[in-house]
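Peer 1: Following this message is one structure expressed as structure tokens.
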Amino acid sequence: EAQVTQNPRYLITVTGKKLTVTCSQNMNHEYMSWYRQDPGLGLRQIYYSMNVEVTDKGDVPEGYKVSRKEKRNFPLILESPSPNQTSLYFCASTTSGFYNEQFFGPGTRLTVL
Amino acid sequence: DQQVKQNSPSLSVQEGRISILNCDYTNSMFDYFLWYKKYPAEGPTFLISISSIKDKNEDGRFTVFLNKSAKHLSLHIVPSQPGDSAVYFCAASIFSGGSNYKLTFGKGTLLTVNP
């Protein structure tokens, strides 16, 4: 089954404790992206990657890091989480080409105390 | 500056009637528009899209209309069903470099279809 998976689905942590949210897709997509969803703000892009070893900032990259060492994986790293990073996070992927939809993972709800 | 706007946070309609969800955009460079549907505790799922070379795209009960001069698009759902109750996000992108990578989303509209 074609899918984007994220782990963990739920996470409660404390300020300053480094964490990683994993994202994996099995569709051989070149492009992957991270979004956060906050009430009243919709979905905002954090980082994206156009292929292995190629990453770039989205609209709200502050406080986040990413890496793309393999095509299927695109982890989101919070080196020193803060309460304002409490949010719902979505990973998405798509293939290159003309007018392709993005496929989203199920989401990771993060709470930073 | 919000480039994609969904001015109605919520919409309530009766089962069997038409649902019309609206979206406005400010960036004239956008050339591809998508609607995503999101249920609670799930990721957004693609619903329907339209490129700027068209003014209408239809897929079953769902039709998207694009008015480029007004920078406005709308999603029509006919007939509406209780299972359509969800948050609907409008998204826009610019086709460049071989793909429409970056999506800019609106804030979403919560549609409730009452039985």
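Chain order of the listed sequences is C and S.
Residue 24 is where the first sequence starts when you use our numbering, and the numbers rise one by one after that.
Residue 2 is where the second sequence starts when you use our numbering, and the numbers rise one by one after that.
Glycine is no exception: its CB is placed at the ideal position from the N, C-alpha and C atoms.
So which residues of chain S does residue 71/C contact, with C-beta pairs closer than 9 Å?
Peer 2: Within chain S, the residues near residue 71/C are 102 and 103.
Peer 1: Taking the Cβ atom as the reference point for each residue, do residue 65/S and residue 49/S lie within a distance shorter than 7 Å?
Peer 2: In contact: residue 65/S and residue 49/S (Cβ atoms closer than 7 Å).
Peer 1: For residue 77/S, list the residues DSSP reports as bridge partners.
Peer 2: Per DSSP, 21/S and 64/S.
Peer 1: Just to confirm before moving on: does the CB-CB distance between residue 135/C and residue 106/C stay below 7 Å?
Peer 2: Cβ atoms of residue 135/C and residue 106/C: closer than 7 Å.
Peer 1: Exposed or buried, which one is residue 93/S when buried takes at least 16 other CB atoms within 10 Å?
Peer 2: By the 10 Å Cβ count, residue 93/S comes out buried.
Peer 1: Can you tell which of 62/C, 92/C, 126/C and 97/C has its C-alpha closest to the C-alpha of residue 43/C?
Peer 2: Considering only alpha carbons, the answer is 97/C.
Peer 1: For the region 41 to 97 of chain C, list the beta strand (DSSP E) runs that are entirely contained and at least 3 residues long, ordered along the chain.
Peer 2: List check, beta strand (DSSP E) in window: 42 to 48, 54 to 61, 65 to 74 and 77 to 80.
Peer 1: How many angstroms separate the CA atom of residue 87/S from the CA atom of residue 28/S?
Peer 2: If I take the Cα positions, the gap works out to 27 Å.
Peer 1: First and last residue of the beta strand (DSSP E) that includes residue 39/S?
Peer 2: 33 to 39 is the span of the beta strand (DSSP E), which, as asked, contains residue 39/S.
Peer 1: List, in chain order, every chain C residue whose beta-carbon is nearer than 7 Å to that of residue 35/S.
Peer 2: Chain C residues near residue 35/S: 124.
Peer 1: Once the 5 residues before and after residue 57/S are set aside, which same chain residues still bring their CB inside 6 Å of it?
Peer 2: Answer for residue 57/S: 66, listed in chain order.
Peer 1: Could you tell me whether any Cβ in chain C is nearer than 7 Å to the Cβ of residue 45/S?
Peer 2: Interface residue, yes.
Peer 1: Taking the straight line between their C-alpha atoms, what separation do you get for residue 77/C and residue 109/S?
Peer 2: Taking the straight line joining both Cα atoms gives about 30 Å.
Peer 1: Is the CB of residue 97/C under 7 Å away from at least one CB in chain S?
Peer 2: For residue 97/C, the answer is no, since every Cβ of chain S falls outside 7 Å of its Cβ.
Peer 1: Where does residue 33/S land, buried or exposed, given buried means 16+ other C-beta within 10 angstroms?
Peer 2: Buried, by the Cβ-count rule.
Peer 1: Hey, is the region 28 to 38 of chain C in contact with the region 118 to 132 of chain C, meaning 3+ C-beta pairs nearer than 8 Å?
Peer 2: Judged by Cβ distances under 8 Å, the region 28 to 38 of chain C makes contact with the region 118 to 132 of chain C, as three or more pairs qualify.
Peer 1: Whose Cβ in chain C lies nearer than 7 Å to the Cβ of residue 63/S?
Peer 2: Correct list: empty, because the minimum Cβ distance to chain C is about 14 Å.
Peer 1: Rounded to the nearest angstrom, how far is the Cβ of residue 81/S from that of residue 20/S, given a contact under 8 Å?
Peer 2: Contact flag correct, Cβ pair sits at about 5 Å.
Peer 1: For residue 72/C and residue 17/S, I'd like the C-alpha separation in whole angstroms.
Peer 2: Those two C-alpha atoms are separated by around 42 Å.
Peer 1: Buried or exposed: where does residue 15/S fall if 16 or more other Cβ atoms within 10 Å of its Cβ makes it buried?
Peer 2: Looking at its Cβ environment, which holds fewer than 16 other Cβ atoms inside 10 Å, residue 15/S is exposed.
Peer 1: For a test of the three-state rule: what should DSSP assign to residue 107/C, helix, strand or coil?
Peer 2: Residue 107/C falls in the helix class under three-state DSSP.
Peer 1: Under 7 Å, do residue 103/C and residue 63/C count as touching if we go by C-beta distance?
Peer 2: For residue 103/C and residue 63/C, no; Cβs fall outside 7 Å.
Peer 1: Measuring only the C-alpha atoms, how far is residue 95/C from residue 75/C?
Peer 2: Taking the straight line from one Cα to the other gives about 9 Å.
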